[in-house]
Amino acid sequence: MLLTRRRIISADEARLLARTTGPIFLLTIPPSVGYEQNPLSLYYCYNLEGSSKRLSKCIAQVTNTPWGERVTFVFDPESDVVAKSLQVSPFMDMLGNWKIRANEPGDELSVSIESQHPHHGNYFSATLKAKRIDQTRVSDPAVFFWLMPHKVAIWIYWHALKLFKIARHHFYSLEPYVG
């Protein structure tokens, strides 16, 4: 695991981290009008096998929203369990693991993460499912994604408000990074 404040890693750095030889594809939310809010970036790392490519590893770059710290780790896209090394929310402690999996991007894309806690079991899960859109149907992708970081921030802080004010969920202080 690597703790970093850098926004993105280069394709060459991704190949070194994942120990792959092929192309690298990045799934991320780009900054918009001077604002960045990106809880998860995924790098899809391929190996070249003759004239074809095979998804071999993924790299996750996870950001804890309230504090802006980032951790980067390599995982097996079919399914992997990674020790939780970064407090991603003030409503979760540092105990447990992340179970993460991602399919190979194509017409559909899926990423799922579960928090596995030693006392509470699988108490949190997040899934992203997306379908490829026809480029001819979207006149300008920049307009489509224009305020996406703002939308993500509003969504995160709205859910935090509901947990804190309505559900009166316990609030954890920031715990130090465990490398």
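Each residue of the sequence shown is one higher than the one before, starting from 3 at the first, in our numbering. No residue lacks a Cβ here, since even glycine has one placed at the ideal position from N, Cα and C.
Within the same chain, K86, S117, Q118, H119 and P120 come within 7 Å of G98 by CB-CB distance, once the 5 residues on both sides are set aside.
Counted as a single uninterrupted DSSP element, the stretch harbouring L97 is not any alpha helix (DSSP H), since DSSP gives it neither H nor E.
Judged by their CB atoms, N49 and T22 are nearer to each other than the 8 Å cut-off. Of the candidates L57, V113 and R72, V113 places its Cα closest to the Cα of S127.
E71: member of the beta strand (DSSP E) spanning E71 to F77, first to last residue. Looking from the CA of L28, the closest CA among S34, G36, R17 and V35 belongs to R17. Minimum Cα-Cα distance from K101 among the listed residues I10, S58, E38 and P79 corresponds to P79. With a cutoff of 8 Å on beta-carbon distance, S34 and W148 are scored as near each other. Annotation: P41 to V73 spans about 11 Å, alpha carbon to alpha carbon. In the structure shown, the three-state DSSP call for E15 is helix.
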